[in-house]
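Contents: one structure, followed by commentary.
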Amino acid sequence: MSDQSKCESCGVHNRKGNLIKLGIALDKIDYVVALAGNPNTGKSTVFNNLTGLRQHTGNWPGKTVTRAVGGLSFGDKQYKLVDLPGTYSLLSTSTEEEIARDFILFGRPDVTVIVVDATRLERNLNLVLQILEITNHAVLCLNLMDEAKRNHIEIDVRSLSKSLGIPVIPTAARQKTGMYDLISAIEEVATGKYIGAPHRVRSMSSKLNHAIEMLSQKLAEEFPGLPNVNWIALRLLEGDQRIIEAVQTRELESFGKALAIHE
Amino acid sequence: MNVKNKEDSILSLANKLRWEVGVDFHDLVIESIYRDASRIARKTVVLKGGKSTYNFDRKLDRILTSPWLGFPIMFLLLAVVFWVTVAGANYPSQLLSALLLNTVHPLLKNFAEGIGVPWWLSGGLVDGAYLSMAWVVSVMLPPMAIFFPLFTLLEDLGYLPRVAFNMDSLFRKAGAHGKQALTLSMGFGCNAAGVIAARIIDSPRERLIAIITNNFSLCNGRWPTQILIATLFIGGAVPAYWAGIVSAGAVVGVAVLGIIFSLAVSWVLSKSILRGEPSAFSLELPPYRPPRILQTLYTSLIDRTIFVLWRAVIFAAPAGVIIWLVANIHVGHSSLAGYFIQWTNPLGLLFGLNGVILLAYIIAIPANEIVIPTILMLTVVTAGLTGVGEGAGVIFQLDTIGDTKKILEAGGWTLMTGINLMLFSLLHNPCSTTIYTIYKETNSLKWTLVSTFLPLAIAFTVCFFVAQLWRLIVL
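Chain order of the listed sequences is A and B. Numbers 10 to 272, taken from my numbering, label the letters of the first sequence in order. Numbers 1057 to 1531, taken from my numbering, label the letters of the second sequence in order.
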């Protein structure tokens, strides 16, 4: 402990903006950060790097089955980090996808960090675009850059960031590189220094767009202040049982707050 | 208009619009997402020339998941892991037991006598609690410290999903979910972890099958039992230079038998009380990644080995006290343990076991990993051995593994007892932690009871038939 405090008073450490890993010791929470992404992209490794916890990591998809929670302090703010189970999409209804989707949608994290595998960017982007449909506050963690390099894959980070409308941070979590940039980007989005304009998928069908618009209007009337109305409208059109229930029980308005405060 | 109607009107509007937009709109949405994703990826990803490691991965996968080589390689890897564990654990186990049992125990005993602790207190604490903890540490620590890092290396490398891939068709034929291969692999570490991992299976029916059959994955708590008994009775039955290979082979055999039981019980369940068709799923084979040796060593030692060992030690202490008590509380001319063992011995023998094993099994219900130490202690305290230990309730000074065998043989053990104990330890009900986890995961008393008693019934049935057949053939 004393070694650490020596570190903290030293100039080199301060230059690093004071990333303090809090493990599970969280006394106050300024921001809630969700970690989402495809299975086996290294979410848990990123989580462990940032919180100092040792959530079990392993090279197989589906390892994280529940939400893991940890904390970190950066600058003078405290962050609660939630490691979500890996999912390929948010559109079907498996348990993991529901956990991840419910949290991003109703838990209203201040920042959603989407961890992607740089060597499989195109496939990973499908989930990224779906997440960007339901949140404005996201950071892309372009992980496994070391593997990408080994595979001779180069990624134009600036152009990717421009296309997606969110910060993109290249990392290699297993080697602990890029973590400082990542937490800085998280801070910028959380504090509102960086205001993203996330890419939104435009549907090709005007009929569909019209239907979504009508339903969204009705939803917005009934649940004022509800974020992601368009997305919820789309899910209702698809007959998503979970969302239908949330409308019937008016969970839409209360569920979010409860999730954000507890846990 | 009341509130309820407003919500319903939203839903009915949704229903109406759903018909208007047409049935293919889900595909439309997905298509739009894929189109955008592919456009962005094209714009930002540049593939430089040069050899990609994908090719290497694909070549490796072609071998590791090939229909012909997949299974032999799997068994070979498993055998190598066990052989390294068996061969490597022997010497440190002896060192530890020499230190903890032969050096520290007399010191503690003398110290207790020196400060005038009453005999029953020093008996219960030093000869009971301390000794059983020392046994657990010396029997369990070395194999775990070798096995866990090896297993974690395979996991880190990305081998587990290949195992799942190989076994998928088998599980499908058994009416279970292919991902059950993953929960089964996790079960080799710890059944409670395997039961939790079953959450990756969506269908409740298939998840229940995975939970109920996870018990047949030989968990690390039972490895030491298997390894020790295999070394003593099976390795001991062949020439010394074969002993290592043969005993490792026997342990692999038991583990494979566990997988077979997993499949067979899954099949029976899916044809009876959990009827249904296996559901489809996609499994991504992740790239092979060079494992981080140091980190693997650290996490597997600290997180797994020490964690599991600590749990065993905590359960071992009170068990030790109980063992000492039942061996030292005399009613008439025999101890409580003596009565129980005498009383259950015929029953035990019917199943190819004996009264000591049954009593040890009951005492060790909280934690499977202390079965072997309990058996050894009980055998010594009840067999009335001379020359080993210092009388009732005390056991120590076992310098070599051969001494352990002598004790067991003096207690009436044969090769068949050894084999039956290995089978019983593989098949019997899960430990208390796992049972509790099953209850939490299923939230159902019924399925918890099924998961507990079904394996127990299977264990007794199998042991019974093995014992009867053995007697028919050998005698």
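We put the CB at the ideal spot given by N, CA and C, even for glycine. Predicted, not measured: the structure shown is a model, and the values here were computed from it.
- Message: Between 1247/B, 1167/B, 1393/B and 1381/B, which has its C-alpha nearest residue 1425/B's C-alpha?
- Response: 1247/B
- Item | 8 Å Cβ cutoff met for residue 1287/B and residue 1273/B | no
- Task: Work out the CA separation of residue 83/A and residue 202/A for me, nearest whole Å.
- Result: Roughly 15 Å separates the two Cα atoms.
- Query: If we count the other Cβ atoms within 10 Å of its Cβ and call it buried at 16 or more, is residue 1065/B buried or exposed?
  - Reply: exposed
- Item | Residues, ordered as in the chain, of the region 155 to 169 of chain A that lie near chain B by beta-carbon distance below 7 Å | 156, 159, 160, 161, 162, 163, 164, 165, 168 and 169
- Beta carbon proximity, residue 77/A to chain B, threshold 8 Å: no
- Unbroken stretches of the alpha helix (DSSP H), 4 residues or longer, contained in the region 1474 to 1521 of chain B: 1488 to 1498
- If we cut at 8 Å on Cβ distances, does residue 1082/B have a partner in chain A? yes
- Item | Residue range of the alpha helix (DSSP H) that includes residue 1362/B | No alpha helix (DSSP H) contains residue 1362/B, which DSSP labels as neither H nor E.
- Query: For residue 143/A, which residues of its own chain have a beta-carbon under 7 Å away from its beta-carbon, when the five flanking residues on both sides are left out?
  - Reply: 113, 114, 237 and 240
- Could you tell me the boundaries of the alpha helix (DSSP H) in which residue 1330/B lies? Unbroken run through residue 1330/B: none, as it is neither H nor E.
- Message: With a threshold of 7 Å (Cβ to nearest heavy atom), would residue 1339/B be considered close to the ligand GTP?
- Response: No copy of the ligand GTP occurs in the structure displayed, which carries no ligand at all.
- Task: Give a yes or no on whether the C-beta atoms belonging to residue 1254/B and residue 1270/B are separated by under 8 Å.
- Result: yes
- Message: Let me see if you follow: with CB-CB separation under 8 Å, is residue 1153/B close to chain A or not?
- Response: no
- Nearest candidate by alpha-carbon position, reference residue 1194/B, set 1154/B, 1430/B, 1113/B and 1499/B: The shortest C-alpha separation from residue 1194/B is found at 1154/B.
- Among 41/A, 181/A, 163/A and 249/A, the one whose alpha carbon lies nearest that of residue 116/A: 41/A
- Query: Should residue 1517/B be labelled buried (16 or more other beta-carbon atoms within 10 Å of its own) or exposed?
  - Reply: Exposed: under 16 other Cβ atoms inside 10 Å.
- Query: Shortest alpha-carbon distance to residue 1489/B belongs to which of 1167/B, 1314/B, 1142/B and 1249/B?
  - Reply: The residue among 1167/B, 1314/B, 1142/B and 1249/B with its C-alpha nearest the C-alpha of residue 1489/B is 1249/B.
- Task: State the Cα-Cα distance for the pair residue 1348/B and residue 123/A, rounded to the nearest angstrom.
- Result: 24 Å
- At a Cβ threshold of 8 Å, is residue 1090/B touching chain A? yes
- Message: Cβ closer than 8 Å: which chain B residues qualify as neighbours of residue 227/A?
- Response: 1065, 1066 and 1069
- Buried or exposed (CB count within 10 angstroms, at least 16 for buried), residue 187/A: buried
- Item | Proximal residues, the region 204 to 220 of chain A versus chain B, C-beta separation under 8 Å | Of all residues in the region 204 to 220 of chain A, 208, 210, 211, 212, 213, 214, 216, 217 and 220 have a Cβ within less than 8 Å of some Cβ in chain B.
- Message: Count Cβ pairs between the region 1156 to 1172 of chain B and the region 1341 to 1357 of chain B that sit closer than 8 Å; are there 3 or more?
- Response: no
- Item | Exposure of residue 1174/B, with buried meaning 16 or more beta-carbon neighbours within 10 Å | exposed
- Query: Taking 8 Å as the CB-CB limit, is residue 1100/B close to chain A?
  - Reply: yes
- Task: Could you tell me whether the Cβ atoms of residue 137/A and residue 148/A are closer together than 8 Å?
- Result: no
- Tell me the DSSP bridge mates of residue 1390/B? 1387/B
- Inter-residue Cα distance where the pair is residue 1452/B and residue 1422/B: Because the pLDDT of residue 1452/B is 43, which lies under 50, any placement of that residue in the model is unreliable, and the number read from its coordinates should be weighed accordingly. Rounded to whole angstroms, residue 1452/B to residue 1422/B spans 24 Å at the Cα level.
- Query: Between residue 255/A and chain B, is there a C-beta pair that is closer than 8 Å?
  - Reply: By this cut-off, residue 255/A is not an interface position.
- Item | Inter-residue CB distance, residue 59/A and residue 37/A (contact presumed, cutoff 8 Å) | No, residue 59/A and residue 37/A are not in contact; Cβ-Cβ is about 18 Å, not under 8 Å.
- Buried versus exposed, by CB contacts within 10 Å (16 or more), residue 89/A: buried
- Query: In the DSSP assignment, what are the bridge partners of residue 152/A?
  - Reply: 126/A
- For residue 1243/B, three-class secondary structure by DSSP: helix
- Start-to-end residues for the beta strand (DSSP E) that takes in residue 1420/B: Where residue 1420/B is concerned, there is no enclosing beta strand (DSSP E), given that its DSSP letter is neither H nor E.
- Verify the CB distance criterion: does residue 248/A have a CB-CB separation below 8 Å to chain C? Although the question refers to chain C, the structure presented lacks it and instead comprises the protein chains A and B.
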